[in-house]
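Visitor: Take this structure first; my questions come after.
Residue numbers (UniProt numbering): 1 to 361.
If you want it as structure tokens, here you go:
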């Protein structure tokens, strides 16, 4: 593997460490738990491919995608995963927190992730594979691809476009594919960058809509043999239209600024999960470390209890898009602390969805 990948293995796994090879050889019920975005879903589709190529019956492979606003260690998530009765669990791009085992029943767990985490930030008994402290940081999909690429001759040909799609979906289409990143010339010789980039946007779309039909996006992805199939998919195109509609609404909202002019606040009311897209758009030129700026602002507040009340999901995630959930009351207090008036009401949701939409709430 390239030098920018580090594997952190944790104890309490039993005498045999979990790996893609051992999982395929075991021939037991396997649960893939990918994140809801293009990177996570592509990583899931990629880990699934070599398992099948190495002999694991596809009927033994299941996928669980988190319900809206849920996390891996939440009670409902653990119960839902437990229902699959998995012997092997592969968690992809979900973020890493120190927590109890993925499920209570005996299992082996592998966590592949890119988000900022300490060595013990993973479910008890799991093996964590990460490169979050080794710039340039490899995405979860890229880590998955590099782990699987040499396990079978068919992986590179069938999953190369997924690698690029997942990486571009997370790092952007301007990603430079040079060392230590893998050589993807063969992939770009078969599929155009435009097609791959558009497939990433479309695959990302369902998780951002109010309907949140991520399971359907997963089924579409694992059946696709090329990115052009995703670009032509009616469901994905309709989901993308909904996201664009919500983004246009957000573009009309006038930002409010903190007293030091370093933080812009755009208040909208929407069931669509577009907040991260807004943050990326506002913070990309020049690039800024959003979690760091937010953390400093909260730590500098006169209210010593504010940071704790904002909760553990405040100011975490990617440097260019800190998209998390915090209590409403604490959020209003945070705005007051940074000098933003909280009396301006959020923009209302639109009364109608775009005409191209078929799934409405």
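Backbone N, C-alpha and C define an ideal beta-carbon position, used for all residues, glycine too. Note that the coordinates shown come from a computational prediction; the quantities given were computed from them, not determined experimentally.
For residue 119, name the three-state secondary structure that DSSP assigns.
Guide: Sequence index remark: in the chain shown, residue 119 carries index 119 (1-based). Coil at residue 119, not helix or strand.
Visitor: Are the CB atoms of residue 239 and residue 209 within a distance shorter than 8 Å?
Guide: Indexing the chain shown from 1 puts residue 209 at position 209. Indexing the chain shown from 1 puts residue 239 at position 239. Their beta carbons are under 8 Å apart, which means residue 209 touches residue 239 by this criterion.
Visitor: Which two residues bound the contiguous alpha helix (DSSP H) that contains residue 294?
Guide: Residue numbering aside, residue 294 sits at position 294 when the chain shown is read from its first letter. Segment 290-299, the alpha helix (DSSP H) holding residue 294.
Visitor: Measuring alpha carbon to alpha carbon, tell me which of 305, 212 and 310 ends up nearest residue 70.
Guide: Translated into the one-based positions of the chain shown, residue 70 becomes position 70. Ranking 305, 212 and 310 by Cα distance to residue 70 puts 212 first.
Visitor: Since residue 257 sits in a beta bridge, which residues does DSSP pair it with?
Guide: What you label residue 257 is simply residue 257 of the chain shown in a count that begins at 1. The partner list for residue 257 (beta bridge, DSSP) reads 264.
Visitor: Between residue 39 and residue 206, what straight-line distance do the alpha-carbon atoms span, to the nearest angstrom?
Guide: Sequence index remark: in the chain shown, residue 39 carries index 39 (1-based). Sequence index remark: in the chain shown, residue 206 carries index 206 (1-based). Those two C-alpha atoms are separated by around 13 Å.
Visitor: Taking a contact to mean a Cβ-Cβ separation below 8 Å, would you say residue 126 touches residue 138 in this structure?
Guide: The residue given as residue 126 occupies position 126 in the chain shown. The residue given as residue 138 occupies position 138 in the chain shown. For residue 126 and residue 138, no; Cβs fall outside 8 Å.
Visitor: Could you give the residue range of the alpha helix (DSSP H) that holds residue 306?
Guide: One-based indexing of the chain shown puts residue 306 at position 306. 306-310 is the extent of the alpha helix (DSSP H) around residue 306.
Visitor: Please work out which residues of its chain come closer than 6 Å, Cβ to Cβ, to residue 315, disregarding the five sequence neighbours upstream and downstream, and give them in chain order.
Guide: As a first step, residue 315 is located in the chain shown; it is residue number 315 there, counting from the start. Here the set comprises 291, 294, 295 and 322.
Visitor: Mind checking whether residue 103 and residue 91 have CB atoms under 8 Å apart?
Guide: If you number the chain shown from 1, residue 103 lands on position 103. If you number the chain shown from 1, residue 91 lands on position 91. No.
Visitor: Of all the options 228, 339, 300 and 196, which has the alpha carbon lying nearest to the alpha carbon of residue 264?
Guide: For the purposes of this step, residue 264 is taken as the residue at position 264 of the chain shown. Residue 339 is the option with its Cα nearest to residue 264.
Visitor: In chain order, which continuous runs of the beta strand (DSSP E) of length 3 or greater are located wholly inside the stretch 126-187?
Guide: Taking only runs of at least 3 residues, the beta strand (DSSP E) segments lying wholly in the stretch 126-187 are 126-130.
Visitor: Following the continuous alpha helix (DSSP H) through residue 365, name the residue where it begins and the one where it ends.
Guide: The chain is shown only over 1 to 361; residue 365 falls outside these bounds and no answer can be derived.
Visitor: Residues in its own chain within less than 6 Å of residue 199 by CB, not counting five upstream and five downstream?
Guide: As a working mapping, residue 199 is identified with position 199 in the chain shown. Within the same chain, residue 199 has close Cβ partners 165, 227, 230 and 231.
Visitor: In the DSSP assignment, what residue or residues form a beta bridge with residue 109?
Guide: What you label residue 109 is simply residue 109 of the chain shown in a count that begins at 1. Bridge partners of residue 109: 89 and 126.
Visitor: Using a Cβ-Cβ cut-off of 8 Å, state whether residue 169 counts as contacting chain B.
Guide: No chain B is present in this structure, which holds just one protein chain.
Visitor: Have a look at the DSSP bridge pairing and note the partners of residue 31.
Guide: Here residue 31 refers to the residue found at position 31 of the chain shown. Answer is 62 and 89, bridged to residue 31.
Visitor: Whole alpha helix (DSSP H) runs in the stretch 194-279 with 4 or more residues, listed along the chain?
Guide: Complete alpha helix (DSSP H) runs here, min 4: 214-223, 227-231 and 234-251.
Visitor: What number of angstroms, rounded off, separates the C-alpha of residue 219 from the C-alpha of residue 36?
Guide: Reading the chain shown from its first residue, position 219 is the one you call residue 219. Reading the chain shown from its first residue, position 36 is the one you call residue 36. If you take the alpha carbons of residue 219 and residue 36, they lie about 12 Å apart.
Visitor: What residue does the alpha helix (DSSP H) around residue 20 start on, and which one ends it?
Guide: The sequence position of residue 20 within the chain shown is 20, counting from 1. First-last of the alpha helix (DSSP H) with residue 20: 20-26.
Visitor: Looking only at DSSP bridge pairs, what is residue 286 linked to?
Guide: Your numbering for residue 286 matches position 286 in the chain shown. Bridge partners of residue 286: none, in fact.
Visitor: With the cut-off set at 8 Å, would you say residue 88 and residue 107 are in Cβ contact?
Guide: By 1-based counting over the chain shown, the position of residue 88 is 88. By 1-based counting over the chain shown, the position of residue 107 is 107. Cβ distance < 8 Å, so residue 88 and residue 107 count as in contact.
Visitor: Excluding the five sequence neighbours on either side, which residues of its own chain have a C-beta within less than 7 Å of the C-beta of residue 358, listed in chain order?
Guide: Counting from 1 along the chain shown, the entry for residue 358 is found at position 358. Residue confidence for residue 358 is low, a pLDDT of 33 falling below 50, so the modelled location carries little weight; the figure read from the coordinates is stated next. So the qualifying residues of the chain are 238.
Visitor: In terms of alpha-carbon separation, which member of 77, 86 and 85 lies closest to residue 99?
Guide: Translated into the one-based positions of the chain shown, residue 99 becomes position 99. The option with the nearest alpha carbon to residue 99 is 77.
Visitor: For a quick check, are the C-beta atoms of residue 21 and residue 151 less than 8 Å apart?
Guide: Counting from 1 along the chain shown, the entry for residue 21 is found at position 21. Counting from 1 along the chain shown, the entry for residue 151 is found at position 151. In contact: residue 21 and residue 151 (Cβ atoms closer than 8 Å).
Visitor: Assuming the contact rule is C-beta atoms closer than 8 Å, residue 253 and residue 267 should be a hit. Round their C-beta distance to whole Å, please.
Guide: The residue you call residue 253 lines up with position 253 of the chain shown. The residue you call residue 267 lines up with position 267 of the chain shown. About 7 Å; that satisfies the 8 Å criterion.
Visitor: Report the residue from 277, 187, 75 and 333 whose alpha carbon sits nearest the alpha carbon of residue 169.
Guide: Here residue 169 refers to the residue found at position 169 when the chain shown is read from its first residue. Nearest C-alpha to residue 169: 277.
Visitor: Excluding the 5 residues flanking residue 94 on each side, which residues of the same chain have their C-beta closer than 7 Å to its C-beta?
Guide: Working through the chain shown from its first residue, we reach residue 94 at position 94. 33, 35, 72 and 113.
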